[in-house]
Structures are given as C-alpha cells and as structure tokens.
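Chains as they are written, first to last, in this note's numbering: chain E, 93 to 346; chain W, 93 to 346; chain Z, 93 to 346; chain X, 93 to 346.
The structure appears below as structure tokens.
4 protein chains.
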Amino acid sequence: MEPWRTAIATSNATGIWIRGHEITSLMRGHTFTDAIVLLHLGRLPSPGERRLLDAVLIGVADHGAGAPSCATARLAASGNRQSISAAVAAGVLAIGDDHGGAGSNCMELIAEGVALAARDGLSIEAAAEQLVARAVRDKRRLPGLGHRVHSTDPRVQALFDMAREENVAGSGIVFMRALEAAAHRAIKPLPMNIDGALAAILHDMGFTPPAGRFLFIVGRVAGLTAEVAEEYEREKPMRIKFDVHYDGVPPRTE
Amino acid sequence: MEPWRTAIATSNATGIWIRGHEITSLMRGHTFTDAIVLLHLGRLPSPGERRLLDAVLIGVADHGAGAPSCATARLAASGNRQSISAAVAAGVLAIGDDHGGAGSNCMELIAEGVALAARDGLSIEAAAEQLVARAVRDKRRLPGLGHRVHSTDPRVQALFDMAREENVAGSGIVFMRALEAAAHRAIKPLPMNIDGALAAILHDMGFTPPAGRFLFIVGRVAGLTAEVAEEYEREKPMRIKFDVHYDGVPPRTE
Amino acid sequence: MEPWRTAIATSNATGIWIRGHEITSLMRGHTFTDAIVLLHLGRLPSPGERRLLDAVLIGVADHGAGAPSCATARLAASGNRQSISAAVAAGVLAIGDDHGGAGSNCMELIAEGVALAARDGLSIEAAAEQLVARAVRDKRRLPGLGHRVHSTDPRVQALFDMAREENVAGSGIVFMRALEAAAHRAIKPLPMNIDGALAAILHDMGFTPPAGRFLFIVGRVAGLTAEVAEEYEREKPMRIKFDVHYDGVPPRTE
Amino acid sequence: MEPWRTAIATSNATGIWIRGHEITSLMRGHTFTDAIVLLHLGRLPSPGERRLLDAVLIGVADHGAGAPSCATARLAASGNRQSISAAVAAGVLAIGDDHGGAGSNCMELIAEGVALAARDGLSIEAAAEQLVARAVRDKRRLPGLGHRVHSTDPRVQALFDMAREENVAGSGIVFMRALEAAAHRAIKPLPMNIDGALAAILHDMGFTPPAGRFLFIVGRVAGLTAEVAEEYEREKPMRIKFDVHYDGVPPRTE
Numbered sequence: 093m094e095p096w097r098t099a100i101a102t103s104n105a106t107g108i109w110i111r112g113h114e115i116t117s118l119m120r121g122h123t124f125t126d127a128i129v130l131l132h133l134g135r136l137p138s139p140g141e142r143r144l145l146d147a148v149l150i151g152v153a154d155h156g157a158g159a160p161s162c163a164t165a166r167l168a169a170s171g172n173r174q175s176i177s178a179a180v181a182a183g184v185l186a187i188g189d190d191h192g193g194a195g196s197n198c199m200e201l202i203a204e205g206v207a208l209a210a211r212d213g214l215s216i217e218a219a220a221e222q223l224v225a226r227a228v229r230d231k232r233r234l235p236g237l238g239h240r241v242h243s244t245d246p247r248v249q250a251l252f253d254m255a256r257e258e259n260v261a262g263s264g265i266v267f268m269r270a271l272e273a274a275a276h277r278a279i280k281p282l283p284m285n286i287d288g289a290l291a292a293i294l295h296d297m298g299f300t301p302p303a304g305r306f307l308f309i310v311g312r313v314a315g316l317t318a319e320v321a322e323e324y325e326r327e328k329p330m331r332i333k334f335d336v337h338y339d340g341v342p343p344r345t346e
Numbered sequence: 093m094e095p096w097r098t099a100i101a102t103s104n105a106t107g108i109w110i111r112g113h114e115i116t117s118l119m120r121g122h123t124f125t126d127a128i129v130l131l132h133l134g135r136l137p138s139p140g141e142r143r144l145l146d147a148v149l150i151g152v153a154d155h156g157a158g159a160p161s162c163a164t165a166r167l168a169a170s171g172n173r174q175s176i177s178a179a180v181a182a183g184v185l186a187i188g189d190d191h192g193g194a195g196s197n198c199m200e201l202i203a204e205g206v207a208l209a210a211r212d213g214l215s216i217e218a219a220a221e222q223l224v225a226r227a228v229r230d231k232r233r234l235p236g237l238g239h240r241v242h243s244t245d246p247r248v249q250a251l252f253d254m255a256r257e258e259n260v261a262g263s264g265i266v267f268m269r270a271l272e273a274a275a276h277r278a279i280k281p282l283p284m285n286i287d288g289a290l291a292a293i294l295h296d297m298g299f300t301p302p303a304g305r306f307l308f309i310v311g312r313v314a315g316l317t318a319e320v321a322e323e324y325e326r327e328k329p330m331r332i333k334f335d336v337h338y339d340g341v342p343p344r345t346e
Numbered sequence: 093m094e095p096w097r098t099a100i101a102t103s104n105a106t107g108i109w110i111r112g113h114e115i116t117s118l119m120r121g122h123t124f125t126d127a128i129v130l131l132h133l134g135r136l137p138s139p140g141e142r143r144l145l146d147a148v149l150i151g152v153a154d155h156g157a158g159a160p161s162c163a164t165a166r167l168a169a170s171g172n173r174q175s176i177s178a179a180v181a182a183g184v185l186a187i188g189d190d191h192g193g194a195g196s197n198c199m200e201l202i203a204e205g206v207a208l209a210a211r212d213g214l215s216i217e218a219a220a221e222q223l224v225a226r227a228v229r230d231k232r233r234l235p236g237l238g239h240r241v242h243s244t245d246p247r248v249q250a251l252f253d254m255a256r257e258e259n260v261a262g263s264g265i266v267f268m269r270a271l272e273a274a275a276h277r278a279i280k281p282l283p284m285n286i287d288g289a290l291a292a293i294l295h296d297m298g299f300t301p302p303a304g305r306f307l308f309i310v311g312r313v314a315g316l317t318a319e320v321a322e323e324y325e326r327e328k329p330m331r332i333k334f335d336v337h338y339d340g341v342p343p344r345t346e
Numbered sequence: 093m094e095p096w097r098t099a100i101a102t103s104n105a106t107g108i109w110i111r112g113h114e115i116t117s118l119m120r121g122h123t124f125t126d127a128i129v130l131l132h133l134g135r136l137p138s139p140g141e142r143r144l145l146d147a148v149l150i151g152v153a154d155h156g157a158g159a160p161s162c163a164t165a166r167l168a169a170s171g172n173r174q175s176i177s178a179a180v181a182a183g184v185l186a187i188g189d190d191h192g193g194a195g196s197n198c199m200e201l202i203a204e205g206v207a208l209a210a211r212d213g214l215s216i217e218a219a220a221e222q223l224v225a226r227a228v229r230d231k232r233r234l235p236g237l238g239h240r241v242h243s244t245d246p247r248v249q250a251l252f253d254m255a256r257e258e259n260v261a262g263s264g265i266v267f268m269r270a271l272e273a274a275a276h277r278a279i280k281p282l283p284m285n286i287d288g289a290l291a292a293i294l295h296d297m298g299f300t301p302p303a304g305r306f307l308f309i310v311g312r313v314a315g316l317t318a319e320v321a322e323e324y325e326r327e328k329p330m331r332i333k334f335d336v337h338y339d340g341v342p343p344r345t346e
C-alpha cells in the first residue's frame with residue numbers, strides 16, 4: 093500500500109504540526125475556533141473572522157432536545173448505554189439535507205449567483221433575481237430562506253450585524269439579502285434562516301460549500317455531547333416509548 | 093408519550109436559550125469554547141479556564157491522518173462519497189478505550205485518588221502511591237501514563253504550564269504528577285501522555301469523568317471534518333487498498 | 093504496513109472463497125443462513141441447526157417500529173434522507189446491553205454455569221442455583237429472564253420445541269430452564285425472554301458469547317432496512333416531533 | 093406527538109405479527125430469507141425466488157477483509173474495542189455509490205429501460221441501445237457493468253443460470269444482458285458485475301430500486317459481523333498502522 097498523503101497534520105517523536113504550526117504554540121496562543129479555521133482553510137482567521145465563526149458555531153450548537161440530531165443521539169443512548177461514541181455518532185447521522193445540511197446547499201447557490209454576476213456583468217441583485225425566477229419555474233425551494241415557525245430568526249440579524257462590525261461582510265451577505273428580497277417580491281415573505289446566514293458568512297470567509305455541512309457538524313457535536321451526557325445522568329435506559337399505530341394487513345389465522 | 097425533560101436548551105418563536113442564556117447574547121459576546129463549557133457545566137468558564145479548554149481541544153484535534161478515528165473516517169469516505177455525515181460518524185465510532193478514551197478512565201482514577209486521600213486523611217502523593225501499588229498487584233495499566241513513541245509529549249508540559257499561569261491547577265494536576273512519580277519508582281519511567289493531562293485539567297475545572305470522552309470527541313471532530321474534506325478534495329473513491337493475507341482453510345474442491 | 097491476515101474470505105481474478113468454499117458453489121446449493129454459520133463458525137450447519145438459526149434470526153428481526161433500534165433508524169432518516177447507510181447504521185448503534193445485547197451477556201452466564209458444573213462436579217441445576225444466589229447477593233439482574241410486558245414470550249417455547257425436535261438442545265437449554273426455575277424459587281416468576289432462548293440455542297450450536305450480539309444485529313438489520321424503506325416511502329422528512337419540557341435555569345435578562 | 097403508523101410489524105402481550113404473519117408460525121415453517129422478503133415486499137417468496145435471494149445475499153456477504161466496508165469495521169474495532177455495534181455500524185457507513193450502491197442505481201436504469209420500451213413500443217434491446225448511447229453522449233458510467241479486475245465475475249453466471257432454472261428470469265435479466273451487449277458494441281467489452289446481476293434479479297422479483305442498497309446491506313452485515321468477530325479474537329487494539337506522507341506547508345519556526 094502506498095503511503096497516504098496529507099497536508100493537514102504531521103507528527104514525529106518530538107512534536108505535532110497542524111498546517112505547519114507547532115501544536116503547543118497553537119495551544120498557548122490560540123483558540124479552538126482558530127484551530128478549526130486553520131485545519132480547514134490552512135490559515136488562521138483574523139480577529140473579526142474568529143468572532144464571526146465563534147458566533148456561527150454557537151448558533152448551531154443546540155436549540156433543544158427534540159431536533160432530529162439530538163433526539164437520535166438520545167434514542168441511541170436509550171438502547172445502548174455502553175458507548176458514548178455510538179450515541180454521538182448516531183446524532184451526527186441524522187444531519188442531512190433536511191436538518192443541518194441546507195447551509196452547504198445554500199453556499200452552492202451563493203457561489204453560483206456570484207459567478208453568474210461576474211460572468212454576465214450583472215449586479216448581485218440581478219443575479220439573485222434570476223436564480224429566484226429559475227427556482228419558481230422549476231418549483232424548487234430556495235435553501236437558506238423560510239422558517240417552520242413563521243417569524244424572524246434572531247440569530248440571522250445578530251450574525252449580520254457582527255459581520256458588518258467586523259468588516260467580514262462580502263458578496264455572500266449581499267447575495268443572501270438580495271435573494272431574500274427577490275423571493276419576497278416573486279413568491280412571498282421568506283425570511284432568511286440560520287442556514288442562510290451561516291452560508292453567507294462562511295462564503296465570505298473563503299470556505300467552499302461542503303464546509304457548510306462540516307462546520308454545522310462541528311458546532312452541533314458540542315450540543316450532541318451535552319445532550320448525551322444529560323441522557324446518561326438523568327434518564328434510565330429504554331425510557332423512550334413511541335405510540336405506534338399498525339395499519340398493515342390484519343393478523344392471519346393459519 | 094410524556095414530554096422529554098431537559099435542562100440544556102429551549103426555544104420558542106422568539107428565541108433560543110442555552111442554560112438560560114439567550115443565544116444571540118452568547119453569539120455576540122462569547123466564544124465557541126465558552127458555549128461548550130456552558131452546555132456541559134451550566135456555567136461560563138473563567139478566562140483562565142477558557143484558555144485551558146481551548147488548549148485541550150486544540151491538543152486533541154488532530155495529529156495525523158493515520159490515527160484510527162481519522163483513518164476510519166477517510167476509509168468510509170472512500171467507499172461512500174455521498175454522505176459527509178456518514179464519514180464523520182464513522183470516525184467518531186473508532187473512539188474508544190484504546191483511542192481517545194483513556195482521558196475518562198484517567199478522570200475516574202483521579203476522582204478515586206482524591207476521594208481516597210480525603211477519606212483516609214492521606215496526602216495526594218500517598219493516595220497515588222497506593223493506587224500504583226494496586227495497579228502493579230492487579231497487573232493493570234495506569235491510564236494517562238506511557239507513550240507508544242518513547243519520549244515526552246510536549247502537549248503535557250504546555251498544558252500544565254498554562255494551568256499554573258492561569259491558576260486553574262488543582263488536585264487533578266497534583267494527583268497526576270504524583271501518579272507519574274510513583275509509577276516511575278514502582279515500575280519504570282512512564283511519562284504522562286495527553287490523555288492524562290486532559291484528565292487532570294478537566295477534573296480541576298469540575299467536569300465528571302465521562303466528559304473526558306465527550307470533550308475528546310468535540311476536539312477530534314474538528315480534525316475529522318478537515319480530514320474528510322481533504323479526502324473529498326484530493327482523492328478518488330475506492331483509492332484505499334489493503335494487502336490481505338489469507339491464512340484460513342485452503343479452497344476445497346467440490 | 094504488514095498485510096492483514098484473515099481466515100474468513102479470499103478472492104482472486106477467478107473466484108471468491110468463504111472459509112474455503114467456492115462462492116458460486118455456496119450460492120447454488122446453500123441458504124443465506126448456511127453462509128452466516130459458515131462465516132462465523134467455519135463450518136456449515138446441520139439441517140436442524142439451520143432451521144434453529146433461521147428461527148432465531150426471524151425471532152429478532154422486528155417486533156415493531158417503536159423499538160429503540162427501529163425508531164433510531166427512522167429518526168435519522170427523518171433528518172437525513174440522502175443516505176440509506178446512515179439510517180441503518182444509526183439503528184445498529186442503538187443496540188447495546190439494554191436492547192439486543194442481553195443475549196451475549198446471557199451466553200457468558202451459560203458458559204460460566206456449564207464450566208462451574210464441570211469443575212465442581214455439580215449438576216447443571218445446582219450450578220444455576222448457585223449463580224442465582226450470587227445474583228441475589230450482588231443485587232444484579234439475571235440476563236435472559238424477565239419481561240417488560242408480564243407474560244410468556246411465545247418465541248421462547250417455539251424455539252425450545254424446535255430445538256428438541258431437531259436434536260439441537262444441549263446444556264445451554266438445560267441451564268436456561270434451570271436458571272428460570274431457580275430464579276422462580278429464589279426471587280419471583282421471571283419467565284425466560286427471547287434473549288435467553290437465543291443465548292441457549294447459540295451456546296448449543298457452539299457459538300461464543302459475542303455471537304449473541306453479532307447474530308442479533310444480523311437478524312435486526314433485516315427489520316431495520318424494512319423500517320427505513322417504509323420511512324422513505326410513506327413519510328416526509330422532519331415529520332417526527334417530540335414534546336420537550338425545559339426544566340433548567342430560567343432565561344436570564346442580560 | 094401523533095402515533096407513528098406502520099404496516100410492517102405489530103405486537104401485543106400475546107404475540108408478534110410481521111406483515112400479518114404470526115412470528116412463531118414464521119419461525120417454525122420459514123427461513124430467514126423468507127422473512128427478509130416478507131418484511132420488504134409484504135409477501136413470502138416462491139421457492140425459486142427464495143433460492144435466488146439466498147444466492148444474492150451469499151454473493152454479497154463477503155469477498156475479503158480489504159473491501160472498504162470490512163476494513164472500516166475492523167479499523168473502528170481497532171480503536172474502539174468496547175462496542176460491537178459501533179464497529180458494525182462503521183462498516184455499514186462505508187457502503188455508498190462506489191461500494192455496494194451500484195445495485196440500486198442499476199435498478200433505476202433497468203426500470204427506466206423497461207418503461208422506455210413499454211412507452212415507445214421498443215424491444216428491450218432497442219431501449220438498452222438508446223440508454224447506452226445516452227451514457228456515451230453524457231460521458232456517464234453504466235452501473236452494473238465493468239470490473240476492476242478484468243475478468244468475468246463467476247457470480248453473475250451462477251445467478252443467471254439459477255434464475256433460468258427457477259423461472260424467475262424476467263425483463264430485468266433481459267435488459268441487463270442487452271445492456272452488456274450494447275455497451276460491448278458501442279464502448280468496449282464491459283462484463284456485467286455482481287451489482288448488475290443483483291439488480292436484474294431484484295427487479296424481476298418486484299423490488300424497487302432502493303432495495304438494491306437495502307439488500308446489499310443485509311447480506312454484507314453477515315460478513316461484517318464475522319470480520320469484526322475475527323478482529324476481536326485474533327488482533328490487538330491499535331494494531332492497524334498507516335504510512336502517511338505529509339506534503340503540506342513545512343513546519344514554521346515561530
């Protein structure tokens with residue numbers, strides 16, 4: 093087997109280096125969020141970027157035990173009390189397009205919109221308008237817009253205010269606000285959700301679309317571990333019961 | 093089904109609260125590491141504690157693609173290129189007593205040693221001595237001590253220096269240094285490893301033993317996501333080959 | 093890296109062999125259950141053993157969507173509709189000591205009881221009596237006995253009848269019936285459950301204790317795949333909601 | 093929370109029913125493979141169908157420890173020796189489009205080809221020809237055709253011979269042989285692989301495309317459990333080492 097190649101981390105008997113930075117130097121002078129950026133982008137963040145990413149990770153860490161990822165982790169812990177890893181991993185497995193995955197899909201849309209504007213000499217607003225028109229025509233949902241509970245998500249405004257304060261705001265935020273406005277005109281009020289805000293900020297920091305999913309997972313695992321810890325401490329195994337209604341073929345008499 | 097109960101997070105149409113803190117307030121004024129402590133301990137860390145936990149999380153994030161968790165994540169991505177969640181979860185599943193799990197086992201030993209000292213009016217050093225003698229008698233390994241590569245782990249000294257600088261050092265660090273010294277006398281030089289240092293610091297911050305495993309997972313997921321991202325970007329599916337030597341019963345002729 | 097060694101399967105450009113049997117020969121003349129025994133024990137089962145193992149695997153495949161493994165798989169599919177593997181794996185992760193894992197624990201008890209009888213020249217009944225007395229003294233539950241719903245599990249009698257018909261019954265079944273009787277005398281009526289019956293039969297077929305867990309997983313994955321298939325076909329993403337009652341510290345005003 | 097609905101299995105204090113069949117009746121008179129068909133299709137197979145599905149499940153169960161699913165399961169067990177479920181689940185997570193997933197993609201192509209023939213009044217051969225031409229034009233690979241090791245897969249002929257013997261062969265097999273012939277003419281010799289044969293047979297038994305993936309998982313879990321059992325029995329934790337070549341930015345001096 094040929095050696096694997098990697099540009100992320102290396103170690104020998106005397107030390108460990110992450111993207112070329114000696115690990116104890118990182119440990120002494122940097123935050124975990126710095127290390128997350130370094131691992132993914134190969135560079136340390138500016139202070140403003142660090143503050144933004146801290147806010148993004150906090151914003152997705154946890155909003156309640158009933159979210160699919162948290163509930164899946166707890167349910168796995170309910171049957172299998174012998175493996176912390178198994179419960180946390182089960183929670184991660186519930187993360188997909190419908191839960192936590194809209195950020196990366198939205199980052200693809202942002203990248204497409206920004207590229208479209210550049211290619212055709214359009215304003216970002218005009219590009220957003222075209223992409224909304226296409227979504228209407230193809231009857232597809234726009235990622236990053238819309239809420240289950242019909243109200244404004246306070247995390248969105250908080251993130252965008254911070255992005256402006258820290259001068260991190262770029263074409264991602266411009267595009268997402270333009271998308272929200274164009275969708276309002278063409279469809280109905282569809283306020284931006286946390287996935288859309290996360291996507292805009294990660295785009296403006298230079299992340300590629302899959303990072304929307306990777307960083308959601310990093311933030312959410314902080315919450316998943318706390319949920320599983322509480323399940324172990326407060327609850328008995330097998331405590332979760334579901335009412336199930338069988339509507340299949342009736343029992344046969346054989 | 094009765095409602096689930098939780099003391100971690102709650103949300104309604106107007107906001108989200110983590111351990112009673114409004115989420116946008118956390119996002120504006122705190123770091124991700126603060127939120128991790130809040131989620132797990134129900135309180136925010138002191139600046140010194142935050143710095144220590146940042147260092148711990150960086151210290152376990154990644155030290156190379158060949159570690160079982162990183163390699164498992166990459167291997168899953170090699171066969172299944174359609175699910176980021178699946179690859180990261182596979183990596184988490186490789187974390188156990190032999191990889192990333194020694195911290196929580198070591199925290200149990202620390203708790204036992206500190207309780208023994210309190211109960212019998214012993215010094216921490218005398219308690220450590222007794223626990224080393226017991227391990228020798230029972231032929232059991234001491235968690236938190238010893239290296240595969242026979243040298244000092246630079247992360248240990250860095251963490252303990254920071255703990256002293258920040259006044260976070262407590263009975264956990266005292267116990268682990270006493271354990272290391274007693275093991276040296278009774279067995280052989282067994283320098284403390286990262287699991288032992290992590291255990292000492294988490295103990296001194298007030299975490300219970302399972303947190304050793306939970307926080308290893310939180311830190312390592314930062315590395316796992318970067319490893320999977322690199323696998324997607326640089327490598328083709330199915331690229332990982334193993335040489336396998338079959339030594340079972342020979343093919344039958346039927 | 094040294095080659096991995098294995099005695100299970102090998103292949104080259106002309107064929108595949110499982111435990112020395114050419115795979116197309118197995119495909120033409122044997123059942124899947126035969127192959128499961130061959131993979132695990134290195135030999136094909138007798139017709140009676142095959143029938144027993146078929147019954148065991150059917151017996152654990154599925155008993156309803158609300159079991160932790162099935163519910164965990166569905167819940168993961170509810171958030172992540174893009175990966176069949178992820179949903180099935182999440183279901184597997186809910187299998188542990190409290191759900192599906194009692195069989196292997198019970199097989200350890202059987203092995204201990206049978207060894208105790210041999211070592212001390214006791215009858216199986218006397219050995220069972222001693223192990224019940226120990227469990228009472230140590231306040232430990234006896235694996236394989238007792239039901240959540242207080243009634244006789246019809247699968248137990250069916251399996252034991254078949255074992256007798258097929259002459260597969262051995263010391264495992266004798267021990268489990270003796271354990272049930274001794275527990276009845278010393279504690280209360282604790283009818284044998286499916287884990288206990290599975291353990292007895294697998295012991296009598298020559299499986300070691302971990303097989304209790306491995307074969308539960310093999311049988312249950314048949315059910316998990318059907319549950320996930322139904323979730324995909326009949327239900328929308330994100331359809332599973334939980335009522336959650338927050339009882340933590342009240343929201344702060346900051 | 094509303095009750096979940098299901099048509100698969102139900103149970104009460106007196107019994108368990110799968111698709112309306114009482115479970116002990118299934119256990120007494122049927123095979124595990126019968127139960128797999130019943131769980132997925134809601135009906136028991138004919139004797140010929142049972143024989144075919146047994147052959148399919150054996151055919152995908154295992155062909156060596158180095159396959160991504162088997163290697164991922166072993167690697168997880170190498171770091172985490174405390175959870176059988178975790179290791180098996182990790183192996184399942186390596187199953188995707190590139191490993192074990194081609195069957196379901198191929199079933200979609202068969203369904204498309206058969207529908208195309210019916211809609212346009214074409215022969216199956218003409219429909220296969222059109223779909224090969226489209227794949228050539230779109231530069232897409234044809235699922236179910238082609239081998240890594242350039243030779244005929246003996247499992248394919250074995251399955252098709254049995255399908256003819258048992259009168260299970262239908263439009264799925266006709267289509268796949270036509271696809272293979274059309275690809276040979278238009279591209280190059282691309283002998284059918286096990287995924288293509290599995291797809292043809294499952295199509296002819298009435299399974300829908302996702303079943304290609306579900307049934308691969310059911311078969312492969314038999315092998316994964318045996319691989320993990322062997323890893324536990326023969327190997328030490330942490331035994332798997334990888335050579336890793338770091339080619340990132342060189343260590344900095346700070």
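Ideal Cβ positions, reconstructed from N, Cα and C, are used throughout, including at glycine.
Just so we're clear, the structure is a prediction, and the values are computed from it rather than from any experiment.
Rounded to whole angstroms, how far is the Cβ of residue i from the Cβ of residue j, which I believe are closer than 8 angstroms?
i	j	result
Thr98 of chain Z	Gly340 of chain W	7 angstroms
Leu237 of chain X	Leu290 of chain X	Actually they do not touch by this definition, with Cβ atoms about 13 angstroms apart.
Ala169 of chain W	Glu323 of chain W	5 angstroms
Gly188 of chain X	Gln174 of chain W	5 angstroms
Leaving out five residues before and five after residue i in sequence, what residues of the same chain have Cβ atoms less than 6 angstroms from its Cβ?
i	result
Ala292 of chain Z	Gly264, Ile265, Met268
Leu282 of chain W	Leu237, Gly238, Ala275
Gly183 of chain X	Ser161, Thr164, Ala165, Leu316
Ala209 of chain X	Ile216, Ala219
Leu149 of chain E	Gly311
Leaving aside the five residues before and after residue i along the sequence, list all residues of the same chain whose C-beta is less than 8 angstroms from its C-beta, in chain order.
i	result
Ala303 of chain E	His132, Ser196, Met199, Leu294
Glu141 of chain E	Val129, Glu258, Val260, Met297
Leu214 of chain X	Leu208, Gln222
Is the distance from the Cβ of residue i to the Cβ of residue j below 9 angstroms?
i	j	result
Ala220 of chain E	Ala274 of chain E	yes
Gly156 of chain E	Thr102 of chain W	yes
Pro301 of chain X	Ala203 of chain X	yes
Phe308 of chain W	Ala318 of chain E	no
Gly107 of chain E	Ile115 of chain E	yes
Phe124 of chain E	Phe124 of chain W	yes
Val206 of chain E	Ala278 of chain E	no
Which term fits residue i, buried or exposed, when burial requires 16 or more other beta carbons within 10 angstroms of its beta carbon?
i	result
Ala105 of chain W	exposed
Gly151 of chain E	buried
Beta-carbon within less than 7 angstroms of residue i's beta-carbon, same chain only, minus the 5 sequence neighbours each way: which residues are those?
i	result
Arg247 of chain E	Gly151, Ile286, Ala289
Confirm the yes/no value for this check: CB of residue i, any heavy atom of the ligand FAD, distance under 8 angstroms.
i	result
Leu118 of chain X	Although the ligand FAD was asked about, the structure shown includes no ligands whatsoever.
Going by CA-CA distance only, name the one from the options that's closest to residue i.
i	options	result
Gly72 of chain X	X:Ser177, X:Ala186, X:Arg232	Residue numbering for chain X in the displayed model covers 93 to 346; residue 72 of chain X lies beyond these limits and cannot be assessed.
Trp96 of chain Z	W:Lys231, W:His337, W:Ala225	W:His337
Gly39 of chain Z	Z:Ile176, Z:Lys280, Z:Arg211, Z:Leu234	This structure gives no information on residue 39 of chain Z, because the portion of chain Z shown stretches from 93 to 346.
Leu136 of chain X	X:Asp126, X:Arg143, X:Leu145	X:Asp126
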